[in-house]
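Residue numbers (UniProt numbering), protein chains in the order written: chain A, 1 to 349; chain B, 1 to 339; chain C, 1 to 516. All residues carry an ideal CB built from backbone N, CA and C; glycine is no exception. The structure under discussion appears below in the form of structure tokens.
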Amino acid sequence: MNRMFSSRLFWPVVMLLVLFTINLVAFPGFFSLEVKNGHLFGSLVDIARNGAPTLIIAVGMTLVIATRGIDLSVGAVCAIAGAVACSIILGSPEPGSIGTVAVAVIAALLIALVLGLWNGFLVAVLGIQPIIATLILMTAGRGAAMLITEGQILTVNSPPFKVIGSGFVLGIPVSVVIAAVIFAAAALLTRRTALGLLIESVGINPEASRQAGVRSRGLLITVYTFSAFAAAIAGLILTSNQTAADANNTGLFIELDAILAVVIGGTSLAGGRYSLLGTLVGALVIQTLVTTVYTVGIPPIATMVFKAAVVTAVCLLQSPTTNATFGRWRRSLGRGRPGTRTAERASVS
Amino acid sequence: MSIDTSSAPVDAGRRLLGRVSSAFTSPKYGPVLVTLVLLIAIFAIGGSRYRGFVSGPVILNLFVDNAYLIVLAVGMTFVILTGGIDLSVGAVLALSTMIAASLLQSGWSASVVIPLILVLTSVLGLLVGLMIHIFKIQPFIATLAAMFLARGLCYVISKDSISITDPVFVSLAQTRISFGGRMSITASVVIALLVVLVAFLVLHYSRLGRTVYAIGGGEQSGMLMGLPVARTKVLVYVISGFCSGLAGVLFTFYTLSGYSLTAVGTELDAIAAVVIGGTLLTGGYGFVLGSVLGVLVLGTIQTIITFEGTLSSWWTRIFIGGLLLVFIVLQKVLTARRR
Amino acid sequence: MNAQAPVVEMTNISISFPGVKALDGVNFRMFPGEVHSLLGENGAGKSTLIKALTGVYAIDSGPADSGEILLAGNRVSFAGPAQAQNAGISTVYQEVNLLGNLSVAENIMLGREPRRFGGIDWRATRRRAVELLRGLHLDIDPGSLLGSHSLAVQQLVAIARAIDVNAKVLILDEPTSSLDADEVAELFRVIRELKAEGVAILFVSHFLDQVYEISDRLTVLRNGKLVGEYRTAEILRLDLVQKMIGKELAILDALERRIVEPGGGEDDEVPLLAATALGRKGSIAPVDLRVYTGEVVGLAGLLGSGRTELARILSGIDRPDSGELVIDGTPHRFRTPRSALARGVAYSSENRRAEGIVEDLTVRDNIVLALQADRGWFHPISRKRRDELAVSYIQALNIRPANPDAIVRNLSGGNQQKVLLARWLAVAPRLLILDEPTRGIDVGAKAEIQKLVVNLAENGMSVLFISAELEEVLRLSSRIAIMRDRRLVADIVNDDLTVDSLLAIIADGELTAVER
């Protein structure tokens with residue numbers, strides 16, 4: 001029991017279950033899945049599909065935040081990736097060919113890698129605070145995307161490109177598959193190699209890590225590059241889904257959703273230990289919240305108010321002040337019980 | 001004798017040169033001076049390329065078009081001087097345009113609506129400040145929550161644009177204070193300049209203002225010196241909330257409407273103006289007048305792009321990003337040299 | 001002097017933090033017009049006592065805290081530094097706690113600027129600041145940024161601020177730690193002037209020369225307890241150092257002595273590490289030091305004598321600005337801890353929390369960290385190997401709880417120290433620099449760590465062992481280097497050394513009191 005409460009996944013999962021219950025009450029068919037034309041449909045599938053871009057970005061963001069950093073530029077990178085891909089496809093004589101789409105996607109990803117290296121350079125080499133360093137690209141990035149699209153909304157008509165955002169593979173939405181692949185890749189890459197350990201160690205205690213011989217510079221550049229790479233993939237999914245690159249609105253505010261997903265998932269903004277699984281739950285909570293707002297019949301535009309409520313609630317729950325108060329309260333309830341003490345410690349950490 | 005007379009002016013010249021160069025490399029004055037030079041340079045470029053660029057009406061219009069941004073930047077300056085940041089200003093601005101438009105539409109009087117908006121946005125700032133201070137939540141996240149809340153409330157009020165027909169607002173929007181010829185300013189400019197003046201006096205002649213600088217220089221030191229650090233840290237967010245509300249009111253004078261999607265990304269403009277105006281993002285150094293210069297630089301770039309005609313407006317963002325980079329690196333260099 | 005009533009009288013002060021009794025029934029007093037030194041090693045309770053006096057710690061906040069403070073005969077209880085300041089107790093902290101981003105004048109006057117028309121009267125502020133600076137014979141522009149001045153000037157500005165409030169008591173916490181000789185002289189001139197005006201000055205420094213030069217009386221604390229109050233003129237240096245470090249001589253004689261085999265005896269043996277004139281400005285004077293394979297070299301000295309500074313340079317954490325370092329006969333430039341580790345030099349920091357353990361990670365992850373960092377992230381140590389490493393070190397060092405998955409934050413200090421040791425042992429260094437590895441840990445763990453050091457040396461590892469506890473250094477080392485006031489003053493083979501002889505060197509810089 002104590003273990004369950006002290007797990008950092010506890011509150012996010014509770015939140016997700018509460019949202020599911022609300023949905024089920026408002027819309028009894030919420031959990032039903034059906035197969036139409038060999039494709040999976042249903043509310044849960046919608047949540048997974050619409051939540052995919054946020055999840056992909058949140059995975060990159062988790063690693064950045066674990067190093068005590070933050071990446072504000074992901075929304076702008078989304079827009080740039082979409083703009084690059086669409087303008088290449090539009091400029092090609094055969095927009096429908098797989099080759100064209102492949103070139104477009106690769107070009108978009110390469111540019112994102114350069115942008116990620118740039119962020120990493122500012123943070124790791126010049127030593128600029130992450131929030132400030134990525135603010136630069138956040139500001140200039142959308143302008144650059146506009147430059148690429150020449151201020152137009154680039155609508156593309158390319159069936160292979162459309163697959164990325166709205167296709168199906170083996171009945172499952174392609175975007176969900178991509179998100180799963182990125183998630184698994186990040187999990188394997190950090191947990192099967194020593195990357196995760198070193199990232200956490202740098203995030204928790206940079207000086208101790210330095211003295212232990214950890215090369216933090218390379219690590220920082222890696223995580224910022226990965227974050228930009230993930231953002232570009234999310235940007236391609238979003239653009240493909242709309243079949244258009246809109247430099248102004250593609251990925252607008254998605255950095256905030258991604259950070260929110262990470263925070264809900266229990267990874268502290270102060271850096272250190274991270275949980276990709278938590279981030280997954282966090283991203284699902286956010287997307288389910290949006291869906292819930294729809295199904296319950298609240299005007300969808302009010303979603304942001306609920307997001308504000310969730311951010312506030314999560315922050316207050318994680319705040320040291322709250323923890324201290326709770327700790328005192330729990331101590332006064334169960335004086336001297338050894339179990340209570342460990343639980344309280346775990347919730348602090 | 002002759003040596004003396006000739007060397008004296010040389011010495012004086014060298015001393016002046018030394019003064020100038022030390023001012024430019026000081027973390028306190030350096031960035032502001034660079035901004036000033038930059039502003040003059042941009043004007044020179046504009047003046048050399050376009051006829052009528054350096055003229056009274058163009059310069060006054062800079063103020064007319066950016067009055068609300070000046071007010072926002074003033075509030076942001078207080079926050080950034082303490083080492084914090086406020087991401088909610090754009091959304092709060094939009095919220096106050098929505099509150100103004102919808103209340104005026106349902107027949108409230110302007111003399112009630114305006115004070116009400118200012119009180120509401122100040123209270124929102126107070127809540128943010130308390131979240132940051134009591135619950136030790138990072139300013140970035142706390143103001144992010146406020147941003148979500150304010151934008152969400154905008155949509156709750158209405159998703160459509162509401163136009164304003166209230167006679168007081170219309171007359172305030174249209175009244176121009178003329179300086180003869182085509183030179184005139186709006187009431188908003190006067191209000192914005194008043195805000196700047198008050199902010200300047202508060203920052204430089206009040207204990208609150210000096211505590212703001214002290215927090216940015218070292219919160220712990222300020223506390224050990226017996227300054228009211230906690231109270232001041234909360235107050236800067238109240239000030240920023242108030243300024244956002246006031247900026248919203250000025251913005252409705254400018255557009256005569258309220259719209260949920262208005263001023264998306266304005267927080268970035270405000271932050272950029274403050275940074276370009278020479279305020280250190282980690283706090284402690286900066287001037288409110290510098291922030292005004294920052295706003296003017298942004299405004300002038302926009303004007304040039306308008307004059308150019310062929311250059312598209314998205315270049316503005318790229319220029320702002322580039323300037324941000326230059327100033328952030330400049331700050332880094334100037335403060336690193338001092339350590 | 002005793003005819004006067006004390007200006008400060010603290011009686012029976014006890015202050016506890018979770019798990020630590022920082023002060024235990026300490027009495028302390030100061031008289032007007034005297035310079036009073038407060039002495040003690042790490043963890044003695046000096047800074048806690050100062051914070052109790054200046055209102056940073058309220059005495060009546062915790063249940064275990066008690067005591068009484070009288071200021072000029074009246075009982076006081078401060079709720080914060082501001083109140084203490086208003087009552088006439090001013091403090092100049094070790095790291096100058098002023099604001100580099102504001103002007104000199106403002107730093108002096110902040111919080112009590114003269115006002116005019118409801119606003120700050122800058123002209124009067126400046127005038128008052130100039131007066132105060134002139135009182136200290138400090139000729140600087142009050143309008144200049146404080147950050148643009150040297151630390152010494154900043155220190156004097158801090159004093160100017162402190163005396164403006166009509167200070168009865170001025171506390172100077174390590175004021176000389178970053179000043180050069182001329183600057184110290186300047187500071188002492190100011191201190192003497194203030195003393196003549198009747199201010200009671202509390203002087204905290206780990207430079208004994210300075211303590212003897214400036215102070216009239218001194219109080220020694222050890223492990224949170226009062227050792228005694230003495231007149232400076234009446235206490236010998238040797239006795240003073242002994243009182244600071246502790247342990248009566250009678251007990252020392254009873255201690256078992258390890259049979260030390262002097263290493264590096266042969267003339268032709270190439271030292272593992274040879275430092276020549278290795279120094280760093282503002283840190284330590286150039287040092288010559290040799291460490292041979294398989295020997296334990298003790299590095300002794302008081303707190304602040306430069307022991308840690310030397311270790312940090314040897315292990316690549318700080319860069320030297322003079323001298324050279326030769327390892328195994330080839331010159332080496334240690335640019336980072338990583339390059340030092342690559343040459344087999346590992347450093348275990350004295351600052352366990354801030355620079356040692358990574359407290360939110362598990363015991364296993366902490367143990368493998370340095371080894372893994374050396375291999376790079378792409379070549380992970382297999383799960384099996386990590387478990388083996390963790391289990392074997394947990395057993396070898398008797399780490400409790402014996403659980404590789406325990407979070408290091410939740411371990412006791414001694415066990416955290418063992419985890420840290422395990423991390424360095426896992427990389428199998430050729431020279432292990434241990435900085436205060438036994439500080440603040442229980443007796444059992446201490447004995448285990450000492451035993452381990454002996455074993456390591458027997459197996460061919462060289463150890464540079466830094467400790468403030470002399471008997472520990474004596475017991476373990478084959479050779480002892482002694483630092484005093486940031487220079488290496490002795491490097492002697494440990495054949496018939498005693499605590500007495502070490503104390504003599506630490507106190508006076510040479511072997512005078514004891515026959516060799």
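From residue i to residue j, what distance separates their C-alpha atoms?
i	j	result
C:PHE203	C:VAL8	14 Å
A:LEU9	A:GLY278	6 Å
A:VAL293	A:LEU109	34 Å
B:ILE134	C:LEU49	29 Å
A:TRP11	A:ARG273	17 Å
B:LEU118	B:VAL128	15 Å
C:SER215	C:ASP173	14 Å
B:GLN302	A:ALA247	19 Å
A:SER87	A:VAL281	35 Å
B:SER122	B:VAL89	12 Å
A:LEU269	A:GLU94	46 Å
B:LEU72	A:LYS162	42 Å
B:CYS154	A:LEU90	37 Å
If distances are taken between C-alpha atoms only, which option among the options comes closest to residue i?
i	options	result
C:ALA275	C:GLY329, C:LEU179, C:ALA84, C:LEU146	C:GLY329
C:GLY228	C:HIS149, C:VAL26, C:GLU131, C:ALA340	C:VAL26
C:THR176	C:ARG134, C:ALA167, C:GLU269, C:SER305	C:SER305
C:GLY119	B:VAL54, B:ILE328, B:LEU153, B:VAL198	B:VAL198
C:ARG115	B:SER206, B:PHE251, B:VAL295, B:LEU280	B:SER206
A:ILE70	A:THR321, A:THR322, A:THR267	A:THR267
A:VAL125	A:ILE199, A:ALA308, A:LEU220	A:LEU220
A:VAL105	A:THR222, A:VAL14, A:THR239, A:THR288	A:THR239
A:PHE31	A:GLY38, A:ILE22, A:ASN37, A:HIS39	A:ILE22
B:LEU323	A:ILE132, A:ALA283, A:ILE259	A:ILE132
B:PRO115	B:CYS243, B:PHE140, B:LEU201	B:CYS243
C:VAL358	C:ARG112, C:ARG319, C:LEU411	C:LEU411
Given a threshold of 16 other Cβ atoms within 10 Å of its Cβ, counted over all protein chains shown, does residue i qualify as buried or as exposed?
i	result
C:THR206	Residue 206 of chain C is actually His in this sequence, not Thr. C:HIS206 should be labelled buried.
C:HIS379	exposed
C:ASN74	exposed
C:GLN85	buried
B:VAL196	buried
Within the continuous alpha helix (DSSP H) that includes residue i, where are the two ends?
i	result
C:ALA277	Element bounds for C:ALA277: not the alpha helix (DSSP H) but the beta strand (DSSP E), 273 to 280.
B:LYS233	229 to 255
A:VAL290	276 to 296
B:HIS133	110 to 134
C:GLY323	Run containing C:GLY323: none in the alpha helix (DSSP H); it sits in the beta strand (DSSP E), 322 to 327.
Hey, quick one: how far does the beta strand (DSSP E) through residue i stretch, first residue to last?
i	result
C:ARG217	217 to 222
A:PHE41	39 to 41
A:PHE229	Looking at the DSSP string, A:PHE229 is not in any beta strand (DSSP E); the run it does join, the alpha helix (DSSP H), is 216 to 242.
C:MET483	479 to 484
residue 352 of chain B	No answer is possible for residue 352 of chain B: the residues shown for chain B start at 1 and end at 339.
C:ARG231	225 to 231
C:SER90	89 to 92
C:SER392	C:SER392 -> not in any beta strand (DSSP E); alpha helix (DSSP H) instead, spanning 383 to 396.
C:PHE17	8 to 17
Could you check how far apart the C-beta atoms of residue i and residue j are, in whole angstroms? I think they sit under 8 Å.
i	j	result
B:PHE24	B:GLY18	That pair is no contact at about 11 Å.
B:PHE327	B:ILE276	5 Å
C:LEU99	C:LEU146	7 Å
C:ARG409	C:ASP360	6 Å
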